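Just so we're aligned, residue 0 is where the sequence shown starts under numbering that gives the first Met the number 0, counting upward by one.
Each residue gets a CB set at the ideal place from its N, CA and C atoms; glycine is no exception.
Owing to the predicted nature of the structure, the values given are computational and were not obtained by experimental measurement.
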Amino acid sequence: MSLICLHKGQVYGPQGLQGASAVVIDNGVITYVGDESGVSRFIFGNIDKIDVNGRIIFPGFIDTHLHLTEWARRREHLDLSPFISLKETCDHIRDESGNRDWIIGGGWNQ
């Protein structure tokens with residue numbers, strides 16, 4: 000493995016934008032997340048320095064893909080998960096049905 004520095008980016012973490020612009024990875028381990036000034040202590044030997052040109056960096060070895068079509072499709076469905084009784088559920092369906100030809104809902108678990 001090698002030493003990699005991703006810099007000039009926007010670093011996002013669990014709480015959103017971190018105010019950092021660089022990430023250093025040493026042999027597959029994230030060793031630094033911070034600003035450009037802190038990167039200099041890692042610039043030695045054979046380092047692969049990659050300018051990400053303002054792009055977003057997620058500091059973690061995770062799968063960040065999204066299923067946007069499924070998300071969009073579910074926005075048209077009625078979320079029935081907050082309702083406990085059959086009456087509450089039916090009332091919600093009636094209130095939200097409007098002029099729809101079809102009503103699709105899910106999440107009800109009494």
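Between the beta-carbon of Leu2 and the beta-carbon of Asp50, is there less than 8 angstroms?
No. Outside cutoff.
Ignoring anything shorter than 3 residues or poking outside the stretch 3-63, list the beta strand (DSSP E) runs there in chain order.
Within the stretch 3-63, the complete beta strand (DSSP E) runs of at least 3 residues are 9-12, 21-25, 28-33 and 46-50.
Is Asp90 helix, strand or coil when you go by DSSP?
Helix at Asp90.
Please state the DSSP three-state secondary structure of Leu85.
In the structure shown, Leu85 falls within a helical segment according to DSSP collapsed to helix, strand and coil.
May I ask you to report which of helix, strand or coil DSSP gives Leu65?
Assignment of Leu65 by DSSP, reduced to helix, strand and coil, places it in the coil class.
As a quick exercise: from Gly97, Glu75, Ile56 and Gln109, pick the residue whose alpha carbon is nearest that of Lys86.
Closest option to Lys86, Cα to Cα, is Gln109.
Quick check: the Cα distance between Gly105 and Thr68, rounded to an integer number of angstroms?
Rounded to whole angstroms, Gly105 to Thr68 spans 17 angstroms at the Cα level.
Given that a residue counts as buried once 16 or more other Cβ atoms are within 10 Å of its Cβ, and exposed if not, what is Phe83?
Looking at the sequence provided, one finds Ile at residue 83 rather than Phe. Answer is exposed; the Cβ neighbour count stays below 16.
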